[in-house]
Amino acid sequence: MSSSLPQGRRGSTDRGTVLLVVCGLFLIALLFRSGFFAPASWQGFCAKFHQNFIEQRRYMMLVNGLKATLHMTFFATLIGLAIGLILSIIRVAHKGGARIGPLAAFANLYITVLRGTPVMVQLLIWNFTIFASARDLKTLYIAVLAFGLNSGAYVAEIFRGGIEAVDPGQMEAGRSLGLSYRVTMSRIVLPQAVKNVLPMLFNEFIALLKETSVAGYIGIDDLTRAGQNIQALTLEHSQPLVMVALIYLALVLVLSEGVRRLEARLRRSQR
Amino acid sequence: MSSPLIEVQDLHKSFGGNQVLNGIDATVEKGEKLAIIGPSGSGKSTFLRCINRMEEPTSGSIRFMGEEITDRACDINRVRRHIGMVFQHFNLFPHLTVRGNLTLAPVCLRIMSPEEADLRAAELLERVGLLDKIDEWPSRLSGGQKQRVAIARALAMDPEVLLFDEPTSALDPEMIGEVLAVMKELAEDGMTMLLVTHEMGFARQISDRVLFMDQGLIAEEGPPEELFSHPRLPRTAEFLSKVLRTEL
Numbered sequence: 098m099s100s101s102l103p104q105g106r107r108g109s110t111d112r113g114t115v116l117l118v119v120c121g122l123f124l125i126a127l128l129f130r131s132g133f134f135a136p137a138s139w140q141g142f143c144a145k146f147h148q149n150f151i152e153q154r155r156y157m158m159l160v161n162g163l164k165a166t167l168h169m170t171f172f173a174t175l176i177g178l179a180i181g182l183i184l185s186i187i188r189v190a191h192k193g194g195a196r197i198g199p200l201a202a203f204a205n206l207y208i209t210v211l212r213g214t215p216v217m218v219q220l221l222i223w224n225f226t227i228f229a230s231a232r233d234l235k236t237l238y239i240a241v242l243a244f245g246l247n248s249g250a251y252v253a254e255i256f257r258g259g260i261e262a263v264d265p266g267q268m269e270a271g272r273s274l275g276l277s278y279r280v281t282m283s284r285i286v287l288p289q290a291v292k293n294v295l296p297m298l299f300n301e302f303i304a305l306l307k308e309t310s311v312a313g314y315i316g317i318d319d320l321t322r323a324g325q326n327i328q329a330l331t332l333e334h335s336q337p338l339v340m341v342a343l344i345y346l347a348l349v350l351v352l353s354e355g356v357r358r359l360e361a362r363l364r365r366s367q368r
Numbered sequence: 027m028s029s030p031l032i033e034v035q036d037l038h039k040s041f042g043g044n045q046v047l048n049g050i051d052a053t054v055e056k057g058e059k060l061a062i063i064g065p066s067g068s069g070k071s072t073f074l075r076c077i078n079r080m081e082e083p084t085s086g087s088i089r090f091m092g093e094e095i096t097d098r099a100c101d102i103n104r105v106r107r108h109i110g111m112v113f114q115h116f117n118l119f120p121h122l123t124v125r126g127n128l129t130l131a132p133v134c135l136r137i138m139s140p141e142e143a144d145l146r147a148a149e150l151l152e153r154v155g156l157l158d159k160i161d162e163w164p165s166r167l168s169g170g171q172k173q174r175v176a177i178a179r180a181l182a183m184d185p186e187v188l189l190f191d192e193p194t195s196a197l198d199p200e201m202i203g204e205v206l207a208v209m210k211e212l213a214e215d216g217m218t219m220l221l222v223t224h225e226m227g228f229a230r231q232i233s234d235r236v237l238f239m240d241q242g243l244i245a246e247e248g249p250p251e252e253l254f255s256h257p258r259l260p261r262t263a264e265f266l267s268k269v270l271r272t273e274l
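For the record, the sequence lines run as chains A and B. Heads up: the first sequence at position 164 corresponds to 261 in my numbering, and the numbers run straight through without jumps. Heads up: the second sequence at position 114 corresponds to 140 in my numbering, and the numbers run straight through without jumps.
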């Protein structure tokens, strides 16, 4: 912490630390109650831990699960970005007077349906209805598609908000120079819109990371399912899932810190 | 080259049910400086913005260099290259440096190579007295500097005419002078200019002709000396007495 920080910022950082400590204590209390430390002694805990994670290299189950989770999140993010960008541009262009009624209607329907139904139901429909006969297709791809298409609907709304927040004078200035709508949009409006919504996009993908935990329902051994699988093998009910939760939490905290730094940086560059 | 640069006939524009322009007729010759004055809501800005179709006219005809630009077949993007516009709120591109603001359009439209555009940008910035700001971000410029960059950006396309939409209205009083100085220089270099303004003194000083607009029509027009000193209509006299009083 540099000493040049204004007092208010420093105060809020201190409050943040206190909050984090309180949450940590609460978590430990919760773990205690749930039986994470239930074996009467520390040795008992260690024995359980060894059985759950070390024996027969069971930690590899978690590692592979984490891989599947990250894999799904990463590719679904890419699909979500692409779809979100296209949908948002369709909606904005339609509002701006472009004659693309059917496309805009489709975009609206898409966003309404995919935001209006649970992602898990969508995942099940993709797997058991739409791709029911495509048995040779890896379920992982189906999950990536389901999460990506779902995320696209949310990203579209984020992008649309970002584009609409750009001063209309920017579009006018670009057009007045003789640039086409398309060029003005891509070279002048979108760069500003993306910069404005970058933190929101990252938050969306952090949420997506957690949402992929339902992938187990179509038989993908993601991080959550890996925890359940260990449970099934060791018949130990708390340690595996708590470990899974801690891994998610660590990931989310790291990513959130990234977003926080990004936001600070963006704020600085806007001055 | 006997036809005027811009020829507007019976121009109407309404927003919803709100009639803003009620039949404007005007011509602008090459090299002419036209000041458009009038009370707010009289349609001055709308008229100006129709000339490069920033606003879509409801009916009427606008000819630019002999070409009907209200025609659907007309490629408005090509026409706009020749009609520069300077806005009240500058509208510089905040994500680009001053250099980027000046070179984006000429390079994107393949009118110049990046190197040519760079040279041209430096030339134009020198002309508006801001060569030292070429690598600066717009957010670090004062209002007056921003507007001078905006003028240079419009000039980078080598337009036939420049449209100024209240270019000094958003400026702090001490910055108005530097922008007007640049515009005066442009006028002396023979640039065709259409200027919507509340700066009566400046309008009088640089314009060849003044249009007084009221209720969507050109109520009165004439050389600045005549219109400012001996307005024909009582409305014009009343408007002038109001704005000139506040200017003192």
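The C-beta atom is built at its ideal place from N, Cα and C for all residues, glycine as well. Note that the structure is a prediction, hence the values are computed from the model and not measured.
Of all alpha-carbon atoms in D97(B), K210(B), N103(B), the one lying nearest the alpha-carbon of P193(B) is that of K210(B). The C-beta of H147(A) has fewer than 16 other C-beta atoms within 10 Å across all chains shown, which makes the residue exposed. Residues of the segment 56 to 87 of chain B with a C-beta less than 7 Å from any C-beta of chain A: N78, M80, listed in chain order. With its beta carbon at least 8 Å from every one in chain A, C100(B) lies outside the interface. Nearest to G69(B) by C-alpha distance, out of L47(B), V112(B), L156(B), is L47(B). Neighbours of M183(B) in chain A, taken as residues at a C-beta separation under 9 Å, are given in chain order as L274, G275. No Cβ of chain A is located within less than 8 Å of the beta carbon of R136(B). When the beta-carbon positions are compared, L159(A) and M282(A) stay at least 8 Å from each other.
Annotation: the continuous alpha helix (DSSP H) that includes M217(A) extends over 216 to 222. Sequence-distant partners of F190(B) (beyond 5 residues in either direction) whose C-beta falls short of 6 Å from its own C-beta, in its chain, are V112, L221.
When DSSP reads this structure, A52(B) sits in a beta bridge with V34(B). Under the 10 Å beta carbon count, F129(A) is surrounded by fewer than 16 other beta carbons and is classified as exposed.
Taking CB atoms only, R365(A) has no neighbour in chain B less than 8 Å away. When C-beta atoms of the segment 206 to 226 of chain A are compared with those of the segment 243 to 255 of chain A, three or more pairs fall below 8 Å, so the two segments count as touching.
In the three-state reduction of the DSSP assignment, D233(A) falls in the coil class, being assigned neither a helical nor a strand state. Here P83(B) is buried. Its C-beta has 16 or more other C-beta atoms within 10 Å. Scanning its chain for C-beta atoms nearer than 7 Å, with the 5 sequence neighbours on each side dropped, one finds around S40(B) the residues V46, T84, in chain order. Residue R106(B) holds the alpha-carbon nearest to the alpha-carbon of R79(B) among R174(B), R106(B), Q171(B). When beta bridges are read from the DSSP output, D240(B) appears opposite L243(B). For R89(B), the three-state secondary structure derived from DSSP is strand.
DSSP, read as helix, strand or coil, puts G216(B) in coil. Assignment of S40(B) by DSSP, reduced to helix, strand and coil, places it in the strand class. The C-beta distance from E261(A) to V210(A) rounds to 22 Å, too long to fall under 8 Å, and the pair is not in contact. For K59(B), the beta-bridge partners assigned by DSSP are M219(B). By the neighbour-count criterion, in which a residue is buried when 16 or more other Cβ atoms sit within 10 angstroms of its Cβ, M226(B) is buried. If you look at F190(B), you'll find it in the beta strand (DSSP E) that goes 187 to 191. Contact check between the segment 251 to 262 of chain B and the segment 232 to 241 of chain B: three or more CB pairs, one atom from each, fall below 8 Å, which counts as touching. With fewer than 16 other beta carbons inside 10 angstroms of its own, G42(B) counts as exposed. Annotation: L157(B) to H224(B) spans about 29 Å, alpha carbon to alpha carbon. Using a C-beta cut-off of 8 Å, the segment 114 to 131 of chain B makes contact with the segment 162 to 180 of chain B, since at least three inter-stretch Cβ pairs fall below that distance. Counting C-beta atoms within 10 angstroms of its own C-beta, C76(B) has 16 or more neighbours from the protein chains shown and is therefore classed as buried. For G92(B), the CB contacts under 7 Å within the same chain, skipping 5 residues up- and downstream, are S29 in chain order. N149(A) sits close to I327(A), with the two beta carbons spaced by under 8 Å.
The Cβ atoms of C134(B) and V280(A) lie closer than 8 Å to each other. Residue state for R358(A) is assigned as helix, using DSSP reduced to three classes.
Within 10 angstroms of the beta-carbon of K145(A) lie 16 or more other beta-carbons, which makes it buried.
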